[in-house]
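> Mind the numbering: the sequence shown is residues 53 to 258 in my numbering, read in order. Encoded as structure tokens, here's the structure I'll be asking about.
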Amino acid sequence: MHRIVLWIQQVAVPFLGPAGVLLVAFLDSSFLSLPEINDLLVITAAAREPETAWVYVVMATLGSLAGCSLLWFLARRGGEAFLLKRFSAERVARTRAAFQKYDVLALAIPAVLPPPMPFKIFVLCSGVFGISFQRFAVTLLMARGLRYTAWAFAGIRYGDEAMRMLKQVDLWFAAHLPWLLAVLGAGTAAWLLTRAMQRRREAAQG
53 MHRIVLWIQQ VAVPFLGPAG VLLVAFLDSS FLSLPEINDL LVITAAAREP
103 ETAWVYVVMA TLGSLAGCSL LWFLARRGGE AFLLKRFSAE RVARTRAAFQ
153 KYDVLALAIP AVLPPPMPFK IFVLCSGVFG ISFQRFAVTL LMARGLRYTA
203 WAFAGIRYGD EAMRMLKQVD LWFAAHLPWL LAVLGAGTAA WLLTRAMQRR
253 REAAQG
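Structure, rendered in structure tokens:
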């Protein structure tokens with residue numbers, strides 16, 4: 053993995069520029085799995101060329117969207133049988149429950165959080181469990197755009213030190229992921245309940 057990162061940083065990105073980030077983001081979000089490679093590339097590009105950091109953020113976001121869209125279409129066409137060939141029935145059932153409870157937030161949260169938070173199963177399940185492509189695309193654009201923008205600012209502000217920050221964030225999330233998901237789930241459930249009660253009051257008043 054370290055060699056792959058070095059090759060992409062030292063060869064692919066300097067040679068291809070933003071198009072290289074677009075390509076890597078597409079491959080990572082579709083056929084390959086290179087955890088956080090896009091974060092690393094955005095940090096590197098932002099530290100090296102702060103004035104064009106936004107271009108790399110856009111390319112990483114669009115590349116990720118393109119790769120995830122391919123998975124969405126494959127899953128939509130293959131249906132639940134497509135999922136069960138790749139994941140256990142228990143994982144598919146848990147993911148279905150997450151979408152039924154939280155809707156697109158079940159996709160948005162994994163799109164923002166770093167590993168070890170699983171992500172591709174939520175992308176595939178979006179296609180199977182009825183999330184329209186428009187809502188899918190908008191959710192990913194916002195979530196991935198937020199994530200890469202944050203790391204671009206870190207690269208501009210802290211340079212190579214942002215790489216160490218990324219590693220520390222990974223370790224923190226790995227250690228606290230269950231508690232973090234519990235807090236996010238409780239907060240989201242409370243927000244959804246508040247919205248439902250507000251709509252009921254408005255309907256009653258109307």
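Just so you know, even glycine gets a beta-carbon here, dropped at the ideal spot from N, CA and C. Note that the structure is predicted; figures quoted are calculated from it, not measured.
Would the beta-carbon of LEU117 fall within 7 angstroms of that of LEU68?
Not a contact, by the Cβ cut-off of 7 angstroms.
> Give the DSSP-derived three-state secondary structure of GLY69 in the structure shown.
Coil, per DSSP.
> Evaluate contact between the region 86-100 and the region 202-210, counting only Cβ atoms and requiring at least three cross-stretch pairs below 8 angstroms.
Judged by Cβ distances under 8 angstroms, the region 86-100 makes contact with the region 202-210, as three or more pairs qualify.
> Measure from the alpha carbon of SER184 to the alpha carbon of each residue in ARG196, PHE151, PRO162 and ARG199, then state which is nearest.
Taking only the C-alpha atoms, the option nearest SER184 is PHE151.
> Mark LEU136 as exposed unless 16 or more other C-beta atoms lie within 10 angstroms of its C-beta, in which case mark it buried.
Classification for LEU136: exposed.
> Quick one: Cα of VAL175 to Cα of GLN186, how far?
When rounded, the distance between both Cα atoms is 13 angstroms.
> When the distance is taken between beta carbons, is PRO70 closer than 7 angstroms to VAL107?
Yes, the pair counts as a contact, with Cβ atoms nearer than the cut-off.
> Is it right to say GLY207 is buried, meaning 16 or more other beta carbons lie within 10 angstroms of its own, or is it exposed?
Result: buried.
> Assuming ARG196 contacts ILE173 (C-beta within less than 8 angstroms), just tell me the rounded distance between them.
With a Cβ gap of about 17 angstroms, ARG196 and ILE173 do not count as contacting.
> Within 10 angstroms of the Cβ of ASP212, are there 16 or more other Cβ atoms? Answer buried if so, exposed if not.
That one is exposed.
> For ALA133, is the classification buried or exposed, using 16 other Cβ atoms within 10 angstroms of its Cβ as the cut-off for buried?
Per the 10 Å Cβ criterion, exposed.
> Tell me the residue span of the alpha helix (DSSP H) that contains ARG138.
Neither: ARG138 is in no alpha helix (DSSP H) and is coded neither H nor E.
> Between GLU103, LEU165 and ALA163, which has its C-alpha nearest ARG209's C-alpha?
Cα-wise, what sits closest to ARG209 is GLU103.
> What's the C-alpha gap between LEU114 and ALA127?
Those two C-alpha atoms are separated by around 20 angstroms.
> Applying the 10 Å Cβ sphere with the 16-neighbour rule, what's the burial state of MET111?
Buried: at least 16 other Cβ atoms inside 10 Å.
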